[in-house]
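The structure under discussion appears below in the form of structure tokens.
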Amino acid sequence: MIGNRVFIAGSFTAIANVGATPLAQPALASYNIDTGQIDTGFRPTFDGSVEAVEAAPDGSSLYVAGSFNTVGGLTKRKIVRLDPVTGAPIAAFTAQGNGRATALAVSDTAVYVGGQFTKINSVTRNGLAALNPTTGAVDSAFNLPLSGGIGVGGMLTVQQLKLTHDGSSLLVVHTGRQIAGQDRYGVGLVDTATRALLPWRTRLWEDNLSFVGGIQRVFAGDVAPDDSYFVVTSGSGGDRPPINDTAIAFPVTGADHVEPIWVSRHFDSIYSVAITETAVYVGGHFSWQESPTSNVPWPGLDNVGYGTGQGLSGYGLGDQVVRRDHLGALDPATGTAIEWNPGSSSYEGEKALLATPRGLFAGGDGNTKGGLPVGRVGFFDLTRAPAPSPVDTTIATPIEGAVEQANTPFALGGQATSPAGVTKVGIEIQNRGSKKYLQDDLTTWGAANSINATVAAVNTASTSWSLPVSLPVGEYQVQAKTFGNSGESDASKAVKKIETFSFDDLPPTTKITSPPAGLVAAQSFVATGTASDDKGVSAMTYSFRRSDNQYLQDDGTAAPVYNTFRGEPDVIGALSTTWQVEVVLPTEGEWKMTATAIDTAGQSDLRGDSRDWIISATGAAPTVAVSAPVPMTPPTAAAPITVAPGGSITFSGTASDDGTLKSVEIYLRNNTTREALAADGTWGADSIAAYHRVSPTNLNAASYNWSYTTVPLTPGVYDFRVRATDNLGLSTATANLGRLTVTAQVPGDAFPNGLLSFTGVDQNVEQLHLDLAGTATDDKGVQSVRVALRDLDTGRYVQPNGTMAASFATVNATLASPGATSSTFALSIDLPTKGEYSVEAWAVDTAGQQDGSTSGATARYLVYPGDLDPRLEPSLTPQDGEVYPDSRIVVTGRAVDDVGMLRVEVQIVNSAGKGMNASGVFGSTNAPWISVFLTSPGSPGSNFAYTSPVIPAGAYTISVRGTDNYGQLQQPPKTVSVTVS
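In the working numbering, the protein residues as written are 18 to 998.
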């Protein structure tokens, strides 16, 4: 903002006053916050996207960053300074970037810019630079290059730049490994006076990236008004705390190993954050936030997703969470939800938030925010509070957005105040779906109605009130109003939104089965899928969205208005059914379909299923071929290659497309030593294997001759692959990848072989100590045995000095006969912490070659001294000898553990000794375990239920076992015999 003028940037093409004709003003526009009227005098023009906009502190200039090359007809590549009144570029400012600029921060003395550039004004600056705010000249003393891109597809970029309010530090939120050659995963802080990287460093991403495929998903950041802490968020990577789908608060001060103040799990993407003195506001695609009573450090299991569409979603966490749709606010001290719940109708989410002294701006791709049709940008006036009233009502319980158990009694409660004495409190409960109100009998629903609550102390000036209710499944608005002795009442009613959910009738699930994701050659086709529900599927809805956020409409056109089509499953009311819908799309391009099943109670699938297609009649995936070190033309495989270690290999070949190529990428991993090529080109045992781009950015060529030369090869077996992606988004099919297997081996010297004496799972370790043993053999002689001990709970390895760290490490075992062709080995080791330890052993021969395989050399140890095994309570059904007359077996009960229940499984075996799979088919003598439904996964006690498919009459043996959060199994499982008649 500059004064009362608001500047908004995005992918829009037009902006309109309410009820007026849209004004063509793409990418950047301005309007008056007082009147809401568009500033028609501000008319900048760009030939590319606008990614960031910031005003000069004195309001005299507007700085813009993006992918553009011309602004107002002048050459202004990626960065421009505008006149904030007219939008015309200021010619005296020149900052020509050679790559997209994505983030800005502006002070009186500098314009800080981040992005994907490598040069500005022909001066080398990799991803981060400081410019003179008047001329655009590059600050020669500010040279802090970013390196090691580990974003999606190896992306190296800056997601956010924020200055502390005193201007002393610059927060850099980025997707690289390093700033100025020093490790700063995710975030770094820069001293603006010295232009030097501060020693502040967290290891949070380094310790946890291995759990999320090594991809950095950090998205947004903001600094608290008092500069004591900042918050960064993450999105588009799946629910996996602490670094995915979370908001993380860090102190601004600190050196190395800075720990978070709190981590707030949101179970889905958080794309924006803005901090005020009283709240941390967040926006995104989430539907849940942690409640004030949630577990610390976060609710739920780390390795279980609770996002919308994942099982029961947040409903499975009970009072640990509250409902918040795409907008929410957190307590700055705890990171848990406060009672601000406006809601948003956005599809992808709320992508931008800005806190100002006047209020909060929110921008996203939905037109409704806070229940009002405000368009893509909404403003919440946080300074306008209702005038104090002597008569007042509050609703204290449940908390805003709480989810209560349906058809189970719970209490509404709060406080009522009236100077003349409270006579009654009226409560209105409206079903937000049907718009009907609960009646006085607390059972039926009808016209608008107020129910008198129980007042604790009638005729007193201040008293509590309560109303016990039991509500069916639904979303509700509760309103409360106090009445006093003198006839006075609240000027406005207290309002709260809550929800009820039942495990007795679960929402349906949906799957799209065809066409497969990727290329579809016709604009008309039939999409098919499946839907299932525990009570029955009654209907389907479908939506189709183009990549430019245009939706398929009823008349066959595309428009920026969300629209769905309603259909029916092939068998209405069936528990499991198929569906199909004829699709006719108006244009080629990238389209996303979402299908959502609706059950007989009217409940929708919590998310539905989505599928992305590229519609093109002429499109074809690019092809690749390998020419060296040996020719390989897919899909014909090449024979494995064997070379001597110590030298480099150059892989080379061609890639081509019927259109234009976007990129060529390779994958390389030594499967023996774990050394791998990361997305940013880093090679090593700690690198997370990913495809690495070997072509220039923005390739835009029909063919490309690619090559890559390795570092000197250590002994081992290497997996090499190459693929290409075109500008339609099509990638080389798996069957057509260029693939080679290369073995680096000392001539005439076989690989050694190490074996552990114990290779199973041991959950009975009662001390922080392991005694390991085994044998090692080699045709020339065994030099050593290396043992890796990884705690699967944290992803850290035991280091040689006895500590734990995320970096890969091994500990040397003791050989009985060093140099012999066969030797036993032993390792007696104290463990630094409890955990689930994965143990792998490798033999190393006298030539330095390592075991080519860990087959027979792996084991798992559940080291949780004092932890009890999970158990089933006696209420389990069925009991021994039970008879089921309806061809289905029903298993219910309760499982408990001193830490928490991860899952409960059942095993069903018929009289012939054949085990049943999840589809009800009997075949394997090694009977599979089938996971059942848990009402409260992760909690110390959880009810569970399972109903089998229809099975033949006969005698069956049923086994039931629980697994706790540590992975410890119930010993032994509970086994009963039943009969199906």
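For glycine and all other residues, C-beta sits at the position ideal for the given N, C-alpha and C.
Exercise for the section: Find out if the Cβ-Cβ distance for the pair Tyr-878, Asp-808 is shorter than 7 Å. Expected result: no
Problem - Spatial distance of Ala-538 from Glu-682 (CA atoms) - result: 25 Å
Problem - Span of the beta strand (DSSP E) around Leu-879 - result: 875-880
Handout entry: Cβ-Cβ distance between Arg-218 and Asp-183 below 7 Å
Key = no
Exercise for the section: Tell me, please, which residues DSSP counts as bridged to Gly-153. Expected result: The bridge partners DSSP lists for Gly-153 come to none.
Practice task
To the nearest angstrom, report how far apart Tyr-708 and Thr-894 are at their CA atoms.
Solution key: Going from the Cα of Tyr-708 to the Cα of Thr-894 covers about 51 Å.
Problem - Counted within 10 angstroms of its Cβ, other Cβ atoms place Pro-732 as buried (16 or more) or exposed - result: buried
Problem - Simplified DSSP state of Trp-222, which is helix, strand or coil - result: helix
Practice task
Taking only the alpha-carbon atoms, compute the straight-line gap between Glu-492 and Arg-449 and give it to the nearest angstrom.
Solution key: 6 Å
Handout entry: Residue environment, Arg-142, which counts as buried when at least 16 other CB atoms sit within 10 Å
Key = buried
Handout entry: Reduced DSSP secondary structure (H/G/I, E/B, other) of Val-229
Key = helix
Handout entry: Whole-number beta carbon distance between Tyr-559 and Gly-584, since they are thought to touch under 8 Å
Key = 6 Å
Exercise for the section: Specify whether the segment 291-308 and the segment 322-337 touch according to this definition: at least 3 beta carbon pairs, one from each stretch, less than 8 Å apart. Expected result: With a cut-off of 8 Å, the segment 322-337 and the segment 291-308 count as touching, because enough Cβ pairs lie within range.
Practice task
Please name the residue in Lys-452, Ser-406, Thr-499, Ser-363 whose C-alpha comes closest to that of Ile-412.
Solution key: Thr-499
Practice task
Under 6 Å Cβ to Cβ from Ser-840, same chain only, skipping five residues before and after it: list those, please.
Solution key: Ala-793, Val-799, Leu-832, Ala-833, Ser-834
Handout entry: Length at least 3, wholly inside the segment 80-116: the beta strand (DSSP E) runs in chain order
Key = 96-99
Problem - Residues near Asn-722 by beta carbon distance below 6 Å, same chain, minus five either side - result: Thr-671
Practice task
Can you say whether Ile-589 is buried or exposed, counting buried as having 16 or more other CB atoms within 10 angstroms of its CB?
Solution key: exposed
Problem - Length of the line joining the Cα atoms of Ser-965 and Gly-418 - result: So the two alpha carbons sit approximately 35 Å from each other.
Problem - Extent of the continuous beta strand (DSSP E) to which Pro-485 belongs - result: Looking at the DSSP string, the run of the beta strand (DSSP E) that includes Pro-485 is 479-486.
Problem - 3-residue-minimum beta strand (DSSP E) runs that sit fully inside the segment 303-344, ordered along the chain - result: Qualifying beta strand (DSSP E) stretches, in chain order: 305-307, 338-340.
Exercise for the section: Assign Gly-205 to one of three DSSP states: helix, strand, or coil. Expected result: strand
Handout entry: Enclosing beta strand (DSSP E) for Phe-247 [first to last residue]
Key = 246-251
Problem - Short Cβ contact (7 Å threshold) for Ser-251 with Val-235 - result: yes
Handout entry: Touching by the beta-carbon criterion (3+ pairs, under 8 Å), the segment 984-993 and the segment 366-377
Key = no
Problem - Buried or exposed by the 16-neighbour rule on C-beta atoms within 10 Å, applied to Asp-862 - result: buried
Problem - Paired residues, beta bridge with His-274 - DSSP - result: In the DSSP output, where bridge partners are listed per residue, His-274 has none listed.
Problem - CB-CB length for Leu-716 against Leu-678, believed under 8 Å - result: The C-beta distance from Leu-716 to Leu-678 rounds to 5 Å, short enough to meet the 8 Å contact threshold.
Problem - Where Asn-502 falls: helix, strand or coil (DSSP) - result: Reduced to three states, the DSSP call for Asn-502 is coil.
Practice task
Can you grab the Cα-Cα spacing for the pair Ser-704 / Arg-401, in whole Å?
Solution key: 52 Å
Handout entry: C-alpha gap between Asp-847 and Leu-785, whole angstroms
Key = 6 Å
Practice task
Enumerate in chain order the residues of its own chain whose CB-to-CB distance from Ser-253 is below 7 Å, with the five nearest sequence positions on each side excluded.
Solution key: Excluding its 5 nearest sequence neighbours in each direction, Ser-253 has C-beta neighbours in its own chain below 7 Å: Arg-234, Ser-286, listed in chain order.
Problem - Alpha-carbon to alpha-carbon, Glu-783 and Tyr-881 - result: 7 Å
Handout entry: Local conformation of Thr-760 per DSSP, three classes
Key = strand
Practice task
Could you check what DSSP says for Val-938 in three-state terms: helix, strand or coil?
Solution key: coil
Practice task
Using 6 Å as the cut-off, classify the Cβ of Ile-278 as near or not near the heavy atoms of the ligand HEM, replying yes or no.
Solution key: Absent from the structure shown: the ligand HEM. Ligands present: none.
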